[in-house]
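Listed in order, the protein sequences are those of chains W and R. Each residue of the first sequence is one higher than the one before, starting from 1455 at the first, in my numbering. Each residue of the second sequence is one higher than the one before, starting from 1188 at the first, in my numbering. Only one structure is covered here, and it is reproduced in the block below.
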Amino acid sequence: MSHILDSLAIIFYGLSALYFGVRFFSKKDKTKTLAFLFLLLGFVTHTIDLLVFSFEHHRFPGSNLVEAFSALTCLTVLLFLGISRKEDMGAAAIVLLPLTILSIVLKLVVPVQEEKIEPIVAAGWIYVHIPLMILSVAALTISFFMAIMYLIQERQLKAKTTSTYLERLPSLQSCEELSYRSLSFGFFLLTFGILTGIIWSRYLRGVYWNWDYKEIWSLITWALYAVLLHGRILSAWRGRKAAYLAILGFVLILFTFAGVSLIFKVYHSF
Amino acid sequence: MLIHLIGLNHKTAPVELRERLNIPEDHIPSALQKLKPVAAEAMIFSTCNRFEILTRVENLDGCKDRLARMISEIREIPLHEFEPNLYSFTGSEAVRHVFRVASSLDSLVVGEPQILGQMKQFFSIAQQEQTIAFTLHSVMERAFMVAKKVRSETQIAGSHVSVSSVAVDLAAKIFGKLEGKTAFIIGAGEMSVLSIQHLQARGVKMILVANRTFQKAAELAEQIKGRAVPFEGLTACLAESDIVISSTGSQTFIIRKEHAQRALSIRRNKPIFFIDIAVPRDIDPQINEMDNVFLYDIDDLTTVAEKNRQERLKEAEKAEEIVSRESEVFWTKLKATDIGPTIREIQSHIDELRRHEIEVTLKKMGPLTDQQKQALEHLTSSLTNKIVQSSYSELRHLANQPDGMEKIELIRKLFRL
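Right, dumping it as structure tokens:
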């Protein structure tokens, strides 16, 4: 069942990516509807796939990096769809969709590890902690995409040239606002995610904070985003500066999300 | 099919001549009526860039001269003054020309969208005056269709090519929607007024006007429904403005980095788009390096406009192909509806049937006298002639209906032509 859904999602996303690609390179709008149709189909299949997984394995797909990656791309696509209702996000789709497909391929290839579920772990907080963290990373991913598009658009405007392909980006103001909004949303979730992690840790290990690498890096990332938000609100950081910081923040969160567990030994499953 | 087009445009005639030939819209009906004696169907296009008469005539010989004389009579301009500037097309060439005009390939600014609307307007005037029937009706309908096709299949109208609309496009890239934004005009040039009109059309809410002579600022402000502000309060106004258009005659920079810096800190780094259309420039080019500040001078805008124009010309080549293909297809179809050949074909078709039947009958009946043979010949031929004769006028009527092309085709099928 899961394999069929995975394959279907890959096909739908693939077709969508193809149509986005055609639209991007040929600059014709005809393929837009098809691109979104397949994206929507891909998203629905992807979501059902993850739900089926949750029921089959009695847990949220986030017990290892591969599962979490797939959940992350699914949520990012959801946010992407939301924003696309108002803004032309075609350029971002070119990057997002291959990553989404990669995440599902990995899920297909890497065998599911049946975790021994510790009774306390199953007891609630993990169901909050992991989804919150993943949704937060999804929001911050969108913030990152908007920041990148801001910088591309800004560079073109300053250089007074337009690239043949990157003509259709959201306006600077939209990039800025959306980057800011998804950043605030992501930060809010990140804060709650870390808090639930602390509570979970208390139940599981009896201590609130373990000084685990994952925890340390989460804190560093959180602090950077806190500084950025603070700067935005109080010192009116905007434009290039804000975009660079959002990108730096994303690099950190990516490292915390995926890199830390690959490099260091941590007690987090990833 | 005897279609003829005569006229002149911005490529063949100077503006003074085009102005004199231009018929105001409310005079077009009477001009069309005057054309009735020389043309079976007629339409006039009269815009500031072109003056053309499209006709269907019974006889092409001397048609150009007759129409040229008619123009001279209607506009009361001696023939020799405009005759060298005239071009004329007949048949498929005329159709292709009309398609090109409708698709905005023959426009001064290739791809500009107004021409199609203008043509539709002249088309409906001719319809009201009943100076067009089936043939020109189908030419025009097809021209509108081809124009639509060109628009959707090529990027001929993809990007703007005038400096002021390029400026507005850039503003849209920075701000997205321009609704509720504030623009600030320093100095008063024709270009600024033009840009302001574009901006207002896109929803810009507040317009501030400054000039070294306050009186001038007040006058312009009244004209464009803006607010005049004193020239000395520049920085305060900059802080309020999202878009700044400067076109003073100043020999030195009037807006420098420190002005922009102060304005930005007051407006909490909300971006400002500076448009400097003055020569020599009004705004220090260095400010383009600042974060959240965008500066375009007249050269930058012209470069973008020129680049867009080149893009359009590339797209125009694709459009020309579509027009050529479509006009050929249409011409073949239109020729088929030409009633003359159809009648003749029907006639010979029926006659052939008649001869064949006589032959068969003669064989069956055995030898007949010459007189009897003649009588038989006479009977059958008068019968078939009557049938053809009576359908002739009806066919002619059918062909002039809006869906004549389909009907004629049906009839041709009926007779297996």
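Just so you know, even glycine gets a beta-carbon here, dropped at the ideal spot from N, CA and C.
In the three-state reduction of the DSSP assignment, residue 1374 (chain R) falls in the coil class, being assigned neither a helical nor a strand state.
Collapsing the DSSP output to three states places residue 1194 (chain R) in a strand.
In this structure, the beta-carbon distance from residue 1302 (chain R) to residue 1294 (chain R) falls below 7 Å. Under DSSP, residue 1414 (chain R) takes part in a beta bridge, and its partners are R:1395. For residue 1342 (chain R), the closest alpha carbon among the candidates R:1566, R:1280, R:1496 and R:1242 is that of R:1496.
Non-local beta-carbon contacts of residue 1244 (chain R) in its own chain, meaning distances under 7 Å to residues more than five positions away in sequence, involve 1189, 1191, 1226, 1227 and 1250 in chain order.
The beta carbon of residue 1711 (chain W) sits closer than 7 Å to the beta carbons of 1591 from its chain, once the five residues preceding and following it are set aside; these are given in chain order.
For the region 1207 to 1218 of chain R, the set of positions with a beta-carbon nearer than 7 Å to some beta-carbon of chain W is empty.
Flagged as an interface residue toward chain R: residue 1626 (chain W), by a C-beta distance shorter than 7 Å. Contact of residue 1599 (chain R) with chain W by beta-carbon distance below 8 Å is absent, the smallest such distance being about 37 Å. Boundaries for residue 1270 (chain R): no alpha helix (DSSP H) harbours it, and the DSSP string shows neither H nor E there. Nearest CB-CB separation between residue 1495 (chain R) and chain W: not below the 7 Å threshold.
If you compare the alpha carbons of W:1585, W:1622, W:1705 and W:1476 with that of residue 1513 (chain W), the shortest gap goes to W:1585. Residue 1537 (chain R) is not a Cβ neighbour of residue 1579 (chain R), given a cutoff of 7 Å. Burial state of residue 1629 (chain W) is buried, judged by a 10 Å Cβ sphere holding 16 or more other Cβ atoms. DSSP places residue 1431 (chain R) in the strand class (E or B) of the three-state scheme. Less than 7 Å separates the beta-carbon of residue 1407 (chain R) from that of residue 1396 (chain R). Checking the DSSP bridge columns, you'll see residue 1230 (chain R) partnered with R:1241. In this model, residue 1434 (chain R) and residue 1354 (chain R) are separated by some 14 Å (Cα to Cα). DSSP, read as helix, strand or coil, puts residue 1602 (chain R) in coil. Assignment of residue 1661 (chain W) by DSSP, reduced to helix, strand and coil, places it in the coil class. The Cβ of residue 1390 (chain R) sits no closer than 7 Å to any Cβ of chain W. DSSP, reduced to helix, strand and coil, places residue 1277 (chain R) within a strand of the structure shown. Using a 10 angstroms sphere on the CB of residue 1607 (chain W), the tally of other CB atoms reaches 16 or more, which defines it as buried.
Rounded to whole angstroms, the gap between the alpha carbons of residue 1527 (chain R) and residue 1287 (chain R) is 28 Å. The residue among R:1542, R:1511, R:1339 and R:1432 with its C-alpha nearest the C-alpha of residue 1371 (chain R) is R:1432.
Across the set R:1238, R:1582 and R:1255, the C-alpha of R:1238 shows the shortest separation from the C-alpha of residue 1306 (chain R). Non-local beta-carbon contacts of residue 1236 (chain R) in its own chain, meaning distances under 8 Å to residues more than five positions away in sequence, involve 1196, 1197, 1205, 1294 and 1295 in chain order. Shown here, residue 1557 (chain R) sits in a helix according to DSSP, grouped into three states. For the region 1355 to 1376 of chain R, the residues whose beta carbon sits under 9 Å from a beta carbon of chain W are, in order, 1357, 1359, 1360, 1361, 1362, 1363 and 1364.
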